[in-house]
Amino acid sequence: MHCAFGDNVNPIILRESCWREARFQALAAKGYPSDAAAYNDPSIISQRLPVVMNTTHKLKVSSNM
Numbered sequence: 016m017h018c019a020f021g022d023n024v025n026p027i028i029l030r031e032s033c034w035r036e037a038r039f040q041a042l043a044a045k046g047y048p049s050d051a052a053a054y055n056d057p058s059i060i061s062q063r064l065p066v067v068m069n070t071t072h073k074l075k076v077s078s079n080m
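Going by this note's numbering, the sequence shown opens with residue 16, and the numbers climb by one from there.
Structural data, given as structure tokens:
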């Protein structure tokens, strides 16, 4: 994501990452399928996995470039 909040302001680039993970046994204990083939679609598995870590990186772009 690129953010510029004024005409004479250096742009800022934000990168956000979200890690999600769980064992198949933990998913099965919650009633979800334990077969890996059931999770071929990332949009399905992402709704069922708990968030382990969120990070945001901020890059300030210099006007000297």
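Even for Gly, the Cβ is constructed at its ideal location relative to N, Cα and C.
Spatial neighbours of residue i in its chain, beta-carbon cut-off 6 Å, leaving aside the 5 residues before and after
i, result
"residue 39", "49"
"residue 30", "72"
7 Å CB neighbourhood of residue i in its chain, flanking five on each side removed
i, result
"residue 36", "64, 67"
"residue 61", "35"
"residue 78", "25"
Query raised in the report: Which residue spans inside the region 18 to 55 form an unbroken alpha helix (DSSP H) run of at least 4?
Result: 39 to 44
Query raised in the report: If you pair each beta-carbon of the region 44 to 59 with each one of the region 21 to 30, do three or more pairs fall below 8 Å?
Result: Inter-segment contact for the region 44 to 59 and the region 21 to 30 is absent: fewer than three beta-carbon pairs are separated by less than 8 Å.
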